[in-house]
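Q: Just so you know, we're using the working numbering here: the sequence shown kicks off at 60 and counts up by one.
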Amino acid sequence: MTNQPRRFHLQRTTDITGVSGTGRVADGVLWPDETVSIRWAGPMPSTVFWHSLANALHVHGHGGHTVIVWDDPAPALAGDCEHCPDGHTPADSGSQPWSAWVGPERDGDGQPTTIHVARSAGAHVAEADAEWIRARLNPAENPREPHLRPYTGRLGRGA
């Protein structure tokens, strides 16, 4: 388990009880100690606490009619970076997504020449991160990459 909380929401396809409705019915947090807080939406909101996510789903899952949708990515496995508390977040996961912007560098005609790519919130990067991005920008250089997913505005898992 990670030492950071992880946010999620409950998405309901069928309202069996007729109380909560359908769609996004609650927001939740999985805490580092595996306990769960759930804040129900609607005209009479409430907050409940559970010993585990499994217990909450047992009561509120309604046989698969309500599912968990993670709003935060899965915690990264520990690596070997001495600067990161989690060992270094792999390029395709973690709580700090990637950003890209056109840099101030210009050619003789005043056209931009550089795109900067960085982790948000100033997190540091490693050579492995650069290799991961290069493989996505230049797929011919990495024939073992199965296929590229379309860019959705965020580089990372599920992008």
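Built from N, CA and C at the ideal position, the CB exists for glycine as well. For clarity, every value in this text was computed on a predicted model and none was experimentally measured.
#1: Say whether chain B places a C-beta atom closer than 8 Å to the C-beta of ALA115.
#2: Which residues in the same chain have their Cβ closer than 6 Å to the Cβ of PHE108, if we skip the five residues on either side of it in sequence?
#3: Please name the residue in GLY162, ALA177, VAL176 whose C-alpha comes closest to that of GLN170.
#4: My assumption, with CB atoms under 8 Å, is that HIS7 sits in contact with TRP160. Please give the rounded CB distance.
#5: Between the Cα of ARG98 and the Cα atoms of LEU112, THR106, PRO91, which residue gives the shortest distance?
#6: Can you give me the Cβ contacts of THR172 inside the same chain, cut-off strictly under 6 Å, excluding the 5 residues immediately before and after it?
#7: On the criterion of 16 or more Cβ atoms from any shown chain inside 10 Å, does VAL118 qualify as buried, or is it exposed?
#8: Less than 7 Å between the CB of ALA189 and some heavy atom of the ligand MN, yes or no?
#9: Does SER179 come out as helix, strand or coil in the three-state DSSP assignment?
#10: Does the beta-carbon of THR125 have 16 or more other beta-carbons within 10 angstroms, so that it is buried, or is it exposed?
#11: DSSP three-state label for ASP168, please.
#12: By alpha-carbon positions, which one of THR72, LEU116, PRO102 ends up nearest to GLY87?
#13: Would you call ASP188 buried or exposed, if buried means 16 or more other Cβ atoms sit within 10 Å of its Cβ?
#14: What does DSSP give as the partner residues of VAL106 in its beta bridges?
#15: Looking at ALA177 and SER158, is the spacing between their C-beta atoms short of 8 Å?
#16: Using CA coordinates, which residue listed in THR72, GLN70, SER111 is at the minimum distance from LEU89?
A: Considering the structure as presented:
#1: Looking at the structure shown, chain B is missing, and only one protein chain is on hand.
#2: Here the set comprises SER96.
#3: Minimum Cα-Cα distance from GLN170 among the listed residues GLY162, ALA177, VAL176 corresponds to GLY162.
#4: No answer is possible for residue 7: the residues shown for the chain start at 60 and end at 218.
#5: The residue from LEU112, THR106, PRO91 with its alpha-carbon nearest to that of ARG98 is THR106.
#6: Taken in chain order, the residues that qualify are GLU164, ASP166.
#7: Around the beta carbon of VAL118, fewer than 16 other beta carbons sit within 10 angstroms, so the residue counts as exposed.
#8: The ligand MN is absent from the structure shown, which contains no ligands of any kind.
#9: Taken through DSSP and simplified to helix, strand or coil, SER179 comes out as helix.
#10: Of the other Cβ atoms in all chains shown, 16 or more fall within 10 Å of the Cβ of THR125; this residue is therefore buried.
#11: DSSP places ASP168 in coil when its eight states are reduced to three.
#12: The residue with the shortest Cα to Cα distance from GLY87 is LEU116.
#13: Looking at its Cβ environment, which holds 16 or more other Cβ atoms inside 10 Å, ASP188 is buried.
#14: Position check: residue 106 holds Thr in this sequence, whereas Val was assumed. Residue pairing for THR106: DSSP places it in a beta bridge opposite ARG98.
#15: Inclusion of SER158 and ALA177 in the CB contact set at 8 Å is warranted, their separation being smaller than that value.
#16: Ranking THR72, GLN70, SER111 by Cα distance to LEU89 puts SER111 first.
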